[in-house]
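Engineer: Per this note's numbering, residue 859 is the first one in the sequence shown, and the count goes up by one each step. Take a look at the following structure, please.
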Amino acid sequence: MAGVTDTAFRQICKRHGADVVFTEMASANMMLAAPTRNEAFLRYEEWERPIIGQIMGGDPKVMAEAARVIEEMGFDGVDVNMGCPEKKIVGNACGSSLLRDGDMAARIVEAMANAVNIPVSVKMRSGFYDSDIVQPQFAIRMENAGAAALAIHPRTKEQAYKGSADWTITRQIVENVGVPVGGSGDVMDREAIRRLREETGVQGIWVARGAMGNPWIFERERTERPPLAEVIETALEHARLMVKYKGNHGMIEMRKHLTWYFNGFPGAAALREQMKTVNVYEDLVRLIEQHQLLERFAA
Ligand SMILES: Cc1cc2nc3c(=O)[nH]c(=O)nc-3n(C[C@H](O)[C@H](O)[C@H](O)COP(=O)(O)O)c2cc1C
């Protein structure tokens, strides 16, 4: 997830049981134009494996070149983003825009599959327009072009994140392709994971928004979110990793994670607001100590 699944977040998810992790999507053009940036942006630790690098672009040659960079960096697979609905991305004929140009999408996958030895996979939506669902034909084309695995978020680009994901489309894809299929869309808790697998037969579950502030979703035995004390401990650990990899700027990026971690805790609304103002790790520690002190007085 762009702006979310950096190495710090992935490590937290891994620690709680995620099987496979994906990088944030990287622009193929940017990767080739500013290669020095790749090391920081696509950084990962060995123990995160298996780890897949996700790239985004609209030109087969550039995408093949970027896939080679992903392979050289040691990733276990390279994934193509054909789902991003952002205006700027779509305007450049990338992301979900490829759903309305099956020829180009297939050429991209083919060029990438010919360029690398690691598996090439595709993350896609159900279509670009609400009135034109392209699945499962699009998935079949991607498989024929050389995709070793597919993942589907069954909303259209027009829907973006509105309405609900149509898992019947996921099931149709599973029934019509021979490669493994991952299911995404409305996976907010363990129950959704169970249902998505049962209702569609997918081989993997792609957890996205459900993991934001909630890495416990990966724990197979857990049925409820942990108590506040455990959330605090994990949030602090996450913040330390952010600072380790990104310096103080990591704490600015951490603000959104903090609001996700403390979402829904009764009595933590004020704390959540204050967390939007942290600049350094020590600010966070101080805020939490103050909150705990107040709690003790109130008890
Ligand atoms: C903030 C945000 C960033 C995302 N970035 C990416 C991305 O970079 N690559 C990708 O394949 N999907 C991305 N997605 C889509 C998710 O992977 C997922 O398919 C979508 O959120 C639906 O699943 P959910 O309803 O369980 O969240 C992003 C979603 C969100 C909310």
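Using N, Cα and C, we set each Cβ at its ideal position, and we do this for glycine too.
Just the C-alpha distance for A964 and A1003, rounded to the nearest angstrom, thanks.
Structural biologist: Cα-Cα distance, rounded: 5 Å.
Engineer: Counting C-beta neighbours from all protein chains within 10 Å, is the total for A969 16 or more, i.e. buried, or is it exposed?
Structural biologist: A969 is buried by the Cβ-count criterion.
Engineer: On the three-state DSSP scale, how would you describe M914?
Structural biologist: Three-state DSSP puts M914 in a strand.
Engineer: Quick one: Cα of F867 to Cα of P1073, how far?
Structural biologist: Rounded to whole angstroms, F867 to P1073 spans 9 Å at the Cα level.
Engineer: Kindly indicate which residue of K981, N1137 and K1102 has the alpha-carbon position closest to the one of L1116.
Structural biologist: Comparing Cα positions, the closest option is N1137.
Engineer: Go through its chain and collect everything with a Cβ distance to P810's Cβ below 7 Å, but skip five positions before and after it.
Structural biologist: The shown model of the chain, from 859 to 1157, leaves out residue 810, and the question about it has no answer.
Engineer: In whole angstroms, give me the CA-to-CA distance for L1086 and H874.
Structural biologist: Computed Cα separation, rounded: 17 Å.
Engineer: Let me make sure I understand the geometry here. Which of P918, V1143, A1009 and M914 has the alpha-carbon closest to that of A884?
Structural biologist: Residue M914 is the option with its Cα nearest to A884.
Engineer: How about C942: is its Cβ closer than 7 Å to a heavy atom in ligand 2?
Structural biologist: This structure simply doesn't include ligand 2; it includes ligand 1 instead.
Engineer: For I976, does the three-state DSSP call read helix, strand or coil?
Structural biologist: In this structure, I976 counts as coil in the three-state DSSP scheme.
Engineer: Tell me, to the nearest whole angstrom, how far the beta carbon of A1023 is from that of D1047; I am working on the premise that it is less than 8 Å.
Structural biologist: Actually they do not touch by this definition, with Cβ atoms about 14 Å apart.
Engineer: If you run the structure through DSSP and keep just helix, strand and coil, what is R1078?
Structural biologist: Coil, per DSSP.
Engineer: What separation, rounded to the nearest whole angstrom, lies between the Cα atoms of I998 and V1039?
Structural biologist: Spanning the two alpha carbons is a distance of roughly 11 Å.
Engineer: Of the residues G1125, A1009 and I1090, which one's Cα is nearest the Cα of Q912?
Structural biologist: Among G1125, A1009 and I1090, the Cα nearest to that of Q912 is on A1009.
Engineer: Does the Cβ-Cβ distance between G941 and M982 come in under 8 Å?
Structural biologist: Taking 8 Å as the Cβ cut-off, G941 and M982 qualify as a contacting pair.
Engineer: For M1109, which residues of its own chain have a beta-carbon under 8 Å away from its beta-carbon, when the five flanking residues on both sides are left out?
Structural biologist: Closer than 8 Å at the Cβ level, and outside the excluded window around M1109, lie A1097, M1100, V1101, V1136, N1137, V1138, Y1139, D1141 and L1142.
Engineer: Measuring only from the beta carbon, is N939 closer than 7 Å to any heavy atom that is part of ligand 1?
Structural biologist: Yes, ligand 1 has a heavy atom inside 7 Å of this Cβ.
Engineer: What residue does the alpha helix (DSSP H) around R895 start on, and which one ends it?
Structural biologist: It is not in any alpha helix (DSSP H) - R895 carries neither H nor E in the DSSP assignment.
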